[in-house]
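Notes follow once the structure below has been shown.
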Amino acid sequence: MNLFKTCSLVLVLSTLLLASCTSIDLYEKNVTIPGFKWESSFRPEFTFTIKDASTPYQLFLVLRHNEKYSYNNIWINLYSQPPGDTMHKAAFELQLANNEKWLASGMDDIYEHRIKLTDPQYLRAGVYHFRVEQIMREDPLENVMNVGLRVEKK
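Residue numbering for the sequence shown follows the working numbering, beginning at 41 and increasing consecutively.
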């Protein structure tokens, strides 16, 4: 009888937990850089779907590196393809540090940047494709661990 009560309680609590969960209104995917050496030919791709076109979204680049990363910035090309459109390319210089410190959250010798790429904007409903290419002079770019894309509903 105790087993039945315990199973019933677990089932009820699980149902309540699942019913109270709402979908997360964002997308985030991070890709590991092989050997922590980002070659310009390695271009991580990201695909997500926008269902709600009535609210603005904001895009962020997520970048993780270790303390041995040699620069206070990174140059990237961001390729984007909105639904029903062609691929567009935009170059970004992203500041990672100032003269005093990394502009990131850090744990031990690993730093994570979430860098705003766009102001909040309304996006059409549909499937979006993105690709990130590092365009620094150093190739491969050493000590970069992960690169990712984050989309937040504003």
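Every residue, glycine too, gets a C-beta built ideally from N, C-alpha and C.
A direct Cα-Cα distance of roughly 11 Å separates K91 from L66. Within 10 angstroms of the beta-carbon of P74 lie fewer than 16 other beta-carbons, which makes it exposed. Here F82 carries a coil assignment [DSSP, helix/strand/coil]. With respect to L163, H153 sits apart: the two C-beta atoms are not nearer than 8 Å. Within the DSSP bridge table, the entry for M185 names no partner. Put simply, the backbone Cα of Y109 is about 18 Å away from that of F82. Proximity to W115 across F132, F100, I150 and K194 peaks at F132, based on C-alpha coordinates. The Cβ atoms of N183 and T72 lie no closer than 8 Å to each other.
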